[in-house]
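Chains as they are written, first to last, in my numbering: chain A, 1 to 586; chain B, 1001 to 1247. Note that beta-carbon positions come from the ideal geometry of N, C-alpha and C, so glycine has one too. Note that the coordinates shown come from a computational prediction; the quantities given were computed from them, not determined experimentally. Structure record follows, encoded as structure tokens.
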């Protein structure tokens, strides 16, 4: 097997991976960086983020406000030391991106403009119209092209981390173009592989969001933290799940039920605010978990509108006028017309909650380091944790910048501490075993299962039992089904047994990642017998700080269901309180 | 919910097993609102798992799913079946080598993109602690359109020059160079000129405008090319006929 020797290997070339690579290249040009991604960097899902990135910059705002919004928004499950670091670094990272050319939208005087977002007490979301993630990703990617020390391996799918003497010492990846496996010997590895929304059938996430980075770390013994917290974004198109950004509501859009009522006022987010005059942190600017949950209740009451794709509510933007919609939400208009046949200038757009983001992920400390020496993680695949039980919109783009950089700094500190060179023989043996597993999957005959078949059952299970509201009974059933699907996964036979760009193989490997992540979600959800943030239990409707003000840790076991353990939440200054999104707080 | 049976003819090529590309016919029961990508996904899931193509976002922003649909470069996620009658032919993007089925080799574009230095070369270096550069909405507007390029390469597949002269640096790369040249914060135009104004740079463009016609993001690379040509011509005059202006 061909060996690539490097100092730092980064898995994933989206926002977090690129930010990490640039940080290393700038700090120490002598360090060799291997940037490994299953897609070309500009295809990474960061590009699909629309609304913007939060960071305190305006004079009426304060770090304290951003801290309180984030911690309260996360239902007090965020680690407050991590949030504190995050909010302090946030404005610097956004200015840095501006210095690299990011086309942030501007005020008339040339300063950066900000917009309101859900759950935020002040306007602090930097934006580039409604393609903020796209511009962040391309700014980072294009900036990265000037650094010779960043060596890219585009369309390489990482299958295994390599361990030697209790340290992470590299990885093995398949080059899609040739089907050949490569061994990467690295003194440190950063995982920035993105989320896992594709476990669900109805998601804003692109096809590539299959939890590969999470699964890599998990199988190497690093716990997945708080996996039960899956964010539903309230406003996706019912036909495709395509995201209509929260900025629609930030700009003044409202949500209506079939009777034309702004129903959020009936779920603790009232009183109704004047049309076209959004008030921060209430009504349509409530947090995503609450808004999605309100829709679920409306659906139960029969107040949803019926579409050919199922129940929906209406997002009404008409009062914003064509000019504002074109300037601030051009993509939203384009997609509503293209994929729904509805022009938001003229008609309200049907929308429904859609799986959007994983609050949970690879357990890291505040330095983005995992419990495995030499392994670091950042971005959606990681759980550091700033998002707690519910992420506020526009915190995740900033998070991947702040902690992408932090992971890079930590990896460099780690390298300076004289990491012993990995032993060639040990790595070769591990790599050969990894290759053997892929070969076995490729060559397996007599299999009784297909990738599409197992994947469909997984998705249906997640949709039925791990959605906005969950029950112990449903979750237990889901756990049983997923354990069975993991067994059946081993009986999958590929149709395509050739080497070049084999997407049948790729999808089989991605399915393996998703099944591991899905089991971590349902087992952690079953064990958490309370309701908090995005995790709502019908059978345990209240938050239970006495027993569950703790992070869950799902620990991988190759031949059994994961063990669920817990660790403490770091609380520095904000004691758990009531999340108040009524107009009263204003 | 209305469905219709759509016939797709898809180019297949596996370098390990095929001596040359062939077209394979699939009949797919498609929903009214589907795009070509949905039909391909249906084939992949239910009919033929060996079909290979790239895709991810299904919202025309990741740029993965560029392909030829009835001979025209399109994003498969924005090619609505309702706009086609009869058999729909789906082939890999023109002018790029085929890696496998609908997957092309895009090394050439990746190399050209890097060569035009598509990153900010600041006019005035500033520390992060000094805050942001000021840029008015009018200054932003001067380059914003060119920053919308998703690197889908439909413009290369549409460009007649790129088909004939593969060395031509091409529409998207030049549009992105122009994007930075036009940015009020940037001072790197001279550094980019070397590539952009070279023989294989802008001068190869014969301005058919095909690139702008097919661009799914309305970037208008043809407009960028023309502006770069004009600027480059002015440079030449300044250098050769009016040297006193250079200072």
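* To do: Leaving out five residues on either side along the sequence, give the residues of the same chain with a beta carbon under 7 Å from the beta carbon of residue 434/A.
  => Position 434 of the first chain, counted from the start, is the residue given in the question as residue 434/A. Here the set comprises 159, 160 and 172.
* Taking 6 Å as the line, does the beta carbon of residue 216/A fall inside it for any heavy atom of the ligand GTP? -> Among the components modelled here there is no ligand, and therefore nothing to report on the ligand GTP.
* Asked: Cα separation between residue 414/A and residue 36/A?
  -> By 1-based counting over the first chain, the position of residue 414/A is 414. By 1-based counting over the first chain, the position of residue 36/A is 36. For residue 414/A and residue 36/A, the distance between alpha carbons rounds to 20 Å.
* **Chain-ordered neighbours of residue 1014/B on chain A, where CB pairs are closer than 8 Å** => Here residue 1014/B refers to the residue found at position 14 when the second chain is read from its first residue. In chain order: 498 and 500.
* Beta-carbon spacing of residue 126/A, residue 52/A below 7 Å -> Numbered from 1 along the first chain, position 126 holds the residue referred to as residue 126/A. Numbered from 1 along the first chain, position 52 holds the residue referred to as residue 52/A. Closer than 7 Å, so yes.
* Validate contact between the segment 1160-1171 of chain B and the segment 131-145 of chain A using beta carbons, cut 8 Å, 3 pairs -> no
* Asked: Comparing alpha-carbon positions, which option in 92/A, 457/A, 64/A and 545/A lies nearest residue 198/A?
  -> Taking the first residue of the first chain as position 1, residue 198/A is located at position 198. Closest by alpha carbon: 457/A.
* Output yes if chain A places a C-beta closer than 7 Å to the C-beta of residue 1068/B; else output no. => One-based indexing of the second chain puts residue 1068/B at position 68. Judged by the 7 Å Cβ criterion, residue 1068/B is not in contact with chain A.
* Backbone secondary structure at residue 5/A - three-state DSSP -> Numbered from its first residue, the first chain carries residue 5/A at position 5. In the structure shown, residue 5/A sits in a strand (DSSP, three-state: E or B).
* Asked: Does DSSP classify residue 1247/B as helix, strand or coil?
  -> Translated into positions along the second chain, residue 1247/B becomes position 247. Residue placement at residue 1247/B cannot be trusted, given a pLDDT of 44 that sits under 50; the coordinates are not used to answer.
* Nearest-angstrom beta carbon gap, residue 500/A and residue 622/A [assumed within contact, 8 Å] -> Outside the modelled stretch of chain A, which goes from 1 to 586, sits residue 622/A, for which no answer is possible.
* Asked: Mind checking if residue 1065/B is an interface residue toward chain A, Cβ cutoff 7 Å exclusive?
  -> Along the second chain, read from residue 1 onward, the residue named residue 1065/B stands at position 65. No, residue 1065/B lies away from the interface with chain A (no Cβ there is under 7 Å from its Cβ).
* Report yes if the C-beta distance between residue 371/A and residue 191/A is below 7 Å; otherwise report no. => Walking along the first chain from the start, residue 371/A turns up at place 371. Walking along the first chain from the start, residue 191/A turns up at place 191. No, they are not a contact pair.
* Bridge partner(s) assigned by DSSP for residue 186/A -> Position 186 of the first chain, counting from 1, holds the residue named residue 186/A. According to DSSP, which records beta bridges pairwise, residue 186/A is partnered with 6/A.
* Residue range of the alpha helix (DSSP H) that residue 368/A falls in? -> On the first chain, position 368 is the one that residue 368/A refers to. That residue, residue 368/A, is in no alpha helix (DSSP H); it is neither H nor E in DSSP.
* **Within 9 Å of chain B by C-beta, residues of the segment 340-361 of chain A in sequence order** => 340 and 341
* Classification of residue 971/B by the beta-carbon crowding that lies within 10 angstroms, buried from 16 upward -> Outside the modelled stretch of chain B, which goes from 1001 to 1247, sits residue 971/B, for which no answer is possible.
* To do: Examine chain B for any beta-carbon lying closer than 7 Å to the beta-carbon of residue 416/A, and answer yes or no.
  => What you label residue 416/A is simply residue 416 of the first chain in a count that begins at 1. Chain B, which has no Cβ nearer than 7 Å to the Cβ of residue 416/A, makes this no.
* In the structure shown, what three-state DSSP assignment does residue 21/A receive? -> In the first chain, the residue the question calls residue 21/A occupies position 21. It is helical.
* Whole angstroms is fine: what's the gap from residue 1247/B's alpha carbon to residue 1190/B's? => Working through the second chain from its first residue, we reach residue 1247/B at position 247. Working through the second chain from its first residue, we reach residue 1190/B at position 190. Note that residue 1247/B has pLDDT 44, beneath the 50 cutoff, so the model's placement of it is unreliable and the number below is only indicative. Cα to Cα, residue 1247/B sits roughly 14 Å from residue 1190/B.
* Asked: Can you list the residues of chain B that residue 400/A reaches, using a CB-CB cut of under 7 Å?
  -> Taking the first residue of the first chain as 1, we reach residue 400/A at position 400. Residues of chain B passing the Cβ test: none, with the nearest at roughly 16 Å.
* **Span separating the alpha-carbon of residue 380/A from that of residue 1208/B** => If you number the first chain from 1, residue 380/A lands on position 380. If you number the second chain from 1, residue 1208/B lands on position 208. If I take the Cα positions, the gap works out to 44 Å.
* Please report how far the alpha carbon of residue 238/A lies from the alpha carbon of residue 350/A, in whole angstroms. => The sequence position of residue 238/A within the first chain is 238, counting from 1. The sequence position of residue 350/A within the first chain is 350, counting from 1. Straight-line Cα distance between these residues: approximately 7 Å.
* To do: Mind listing the chain B neighbours of residue 54/A? Cutoff is C-beta to C-beta under 9 Å, in chain order.
  => By 1-based counting over the first chain, the position of residue 54/A is 54. Per Cβ cutoff of 9 Å: no residues; residue 54/A is ~16 Å from chain B at best.
* To do: With a threshold of 16 other CB atoms inside 10 Å of the CB of residue 406/A, please say whether the residue is buried or exposed.
  => Taking the first residue of the first chain as 1, we reach residue 406/A at position 406. Classification of residue 406/A: buried, given that the 10 Å Cβ count is 16 or more.
* C-alpha gap between residue 438/A and residue 1041/B, whole angstroms -> Residue 438/A sits at position 438 when you count from the first residue of the first chain. Residue 1041/B sits at position 41 when you count from the first residue of the second chain. Residue 438/A and residue 1041/B: Cα-Cα distance of roughly 24 Å.
* Which residues, in order along the segment 381-400 of chain A, keep a beta-carbon less than 8 Å from a beta-carbon of chain B? -> none
* Asked: In this structure, does DSSP put residue 1165/B in helix, strand or coil?
  -> As a working mapping, residue 1165/B is identified with position 165 in the second chain. It is coil, neither helix nor strand.
* Chain-ordered chain B contacts of residue 98/A [CB-CB under 7 Å] -> Numbered from its first residue, the first chain carries residue 98/A at position 98. Within chain B, the residues near residue 98/A are 1132 and 1133.
* **Unbroken beta strand (DSSP E) run spanning residue 1010/B, endpoints** => Looking up residue 1010/B in the second chain gives position 10. Residue 1010/B -> beta strand (DSSP E) spans 1003-1012.
* Asked: How is residue 146/A classed by DSSP in three states: helix, strand or coil?
  -> Within the first chain, residue 146/A is the residue found at index 146, counting from 1. Residue 146/A: coil per DSSP, three-state reduction.
* Asked: When DSSP builds the beta bridges, which residues end up paired with residue 310/A?
  -> Here residue 310/A corresponds to residue number 310 of the first chain, with the count starting at 1. Note: residue 310/A sits in a beta bridge opposite 307/A.
* To do: Identify the contact partners of residue 1075/B in chain A, using a Cβ-Cβ distance below 9 Å as the criterion.
  => Within the second chain, numbered from 1, the residue matching residue 1075/B stands at position 75. Here the premise fails: no neighbours, minimum Cβ distance about 11 Å.
* Specify whether the segment 262-279 of chain A and the segment 69-79 of chain A touch according to this definition: at least 3 beta carbon pairs, one from each stretch, less than 8 Å apart. => no
* Near residue 391/A, what residues of its chain come up, given a Cβ to Cβ distance below 8 Å and the 5 sequence neighbours on each side ignored? -> Taking the first chain and counting its residues from 1, the one referred to as residue 391/A is at position 391. Once the five neighbours on either side are set aside, the close Cβ partners of residue 391/A are 73, 74, 231, 288, 357 and 359.
* Asked: Quick one: Cα of residue 382/A to Cα of residue 393/A, how far?
  -> In the first chain, counting from the first residue as 1, residue 382/A sits at position 382. In the first chain, counting from the first residue as 1, residue 393/A sits at position 393. Near 17 Å, if we compare the C-alpha coordinates of residue 393/A and residue 382/A.
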